[in-house]
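The block underneath contains the structure these notes are about, expressed in structure tokens.
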Amino acid sequence: MLHQCIDALNIRRDGVYVDVTFGGGGHSAEILKHIPQGKLFAFDQDPDAMTNHPGNENLTLIQQNFRYMINYLRFYDAIPVDGILADLGISSHQIDVPERGFATRYNSLLDMRMDQKGSRSAADILNNASIEEMARIFKQYGELKNGYPLAKRIATAREEHPVDTTDRLNEIATPLSGQKNANKYLAQVYQALRIEVNDELGALKDLLYQAEKALKPGGTLVIMSYHSLEDRLVKNFLKSGNFEGKQEKDFFGNPMVPFKTIKNKPITADEKEIEENPRSRSARLRIGIKL
Ligand SMILES: C[S@@+](CC[C@H](N)C(=O)[O-])C[C@H]1O[C@@H](n2cnc3c(N)ncnc32)[C@H](O)[C@@H]1O
């Protein structure tokens, strides 16, 4: 959905833009083509992403979590900005490098940290967290109905031997997939761990608050998310400025609406794109114009 994102940004040649999820640099490269006199600030917390800098002098690439975006934009005197883009989640590079531990299909250590300076890896959680904490993670972030039995099974297994590789986790979790396709079940287990390890929802909330402050009136926020927990936060925030979607009113009784949304429903990929890039099947694109 690269072109929908770029169209949504409505780029000005001399504008200031932010790509908070640089990754392989595909979206940034497209933005750079449109800003011969402008500036792009890009963020990625993964040191591996820094090697994708295209050498363009209009780009400042910052190896940081986007939850600190506003501090860096202030430091570079870049506020207010014309547009902010986020393409959330993990990159194909992160999935394809077995040692990162994000993929069910390779046997590797269960790391899952996007920034390996981050505190807890997935293996740390599986070997040290209480059954209650693991159950919460699986239920809340994996939306698994049997989060508690899974957590108990992991706690029993780790008494014999640490649960520190993808193969071992797959072996422990697969029997609990029940009627569900085992790969789908494992994908939910991995999603839950990844969200917890990287505090993905906490970082997204911080980003949304800061985006409202950093954008100029008329500036655009473009967010692509890949699961319903993220999409719900984005949808509610664009509509109401809070994560519960509660409509608040100002002193005069006027609804406080931070963004004008282009559509109530998210934009999704068409069949052709899903065929070319299966990951786009779950993509949800939302666009807000700062009021
Ligand atoms: C889906 S990829 C982005 C791909 C990119 N749009 C491209 O064209 O190649 C998401 C990237 O965002 C990064 N990321 C995710 N959450 C982040 C956060 N809180 N702070 C900084 N980077 C983050 C990941 O490390 C990953 O490289």
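Using this note's numbering, the letters of the sequence shown map in sequence onto residues 13 to 303.
For each residue, glycine too, the CB sits at the ideal point set by N, CA and C.
No experiment lies behind these values; they were computed from the predicted model shown.
Taking only three categories from DSSP, how would you classify residue i?
i	result
LEU156	coil
THR33	coil
LYS129	coil
GLY95	strand
ARG25	coil
LYS277	coil
PRO48	coil
ALA295	coil
GLY257	coil
GLY67	coil
PRO290	helix
GLY265	coil
ALA134	helix
ALA20	helix
ALA54	strand
LEU85	helix
LEU73	strand
Could you tell me if the beta carbon of residue i falls within a distance shorter than 8 Å of some heavy atom in ligand 1?
i	result
MET62	no
MET126	yes
ALA215	yes
ASP282	no
THR33	yes
GLN222	no
GLU212	yes
ASP19	no
GLY67	no
ASP99	yes
ASP102	In the sequence under discussion, the amino acid at residue 102 is Ile, which differs from the Asp named in the question. Yes.
ARG206	no
ARG79	yes
ASP58	yes
GLN76	yes
GLN203	no
SER40	yes
GLY36	yes
ASN105	A quick correction: the sequence has His, not Asn, at residue 105. Because some heavy atom of ligand 1 lies under 8 Å away, the Cβ of HIS105 counts as near it: yes.
Does the beta-carbon of residue i have 16 or more other beta-carbons within 10 angstroms, so that it is buried, or is it exposed?
i	result
GLN57	buried
SER142	exposed
ASN210	buried
MET126	buried
SER133	buried
ASN83	exposed
ASP179	exposed
ARG117	exposed
GLY265	exposed
PRO270	buried
ARG86	exposed
ASP123	buried
GLY67	exposed
ASP282	exposed
ARG293	exposed
What does the alpha-carbon distance come out to for the pair residue i and residue j?
i	j	result
TYR88	ALA61	21 Å
GLY27	GLU42	14 Å
GLU183	LYS192	15 Å
LYS272	PHE249	11 Å
THR177	TYR153	20 Å
ARG165	ILE149	15 Å
ASN276	SER189	34 Å
ASP218	ARG79	5 Å
ILE137	PRO229	42 Å
GLN200	ALA223	29 Å
ILE23	PRO48	11 Å
SER104	ALA147	28 Å
ALA54	ILE279	24 Å
ASN139	ALA169	10 Å
At a Cβ threshold of 9 Å, is residue i touching chain C?
i	result
PRO110	This model lacks chain C altogether; it includes just one protein chain.
Query - Within the stretch 181 to 248, ranges of the beta strand (DSSP E) (whole runs, at least 3 residues) - result: DSSP runs (the beta strand (DSSP E)) wholly in the stretch 181 to 248: 227 to 237.
Requested in this report: Give, in chain order, every unbroken run of the alpha helix (DSSP H) that is at least 4 residues long and sits entirely within the stretch 98 to 124.
Outcome: Fully enclosed alpha helix (DSSP H) runs of 4 or longer: 104 to 108.
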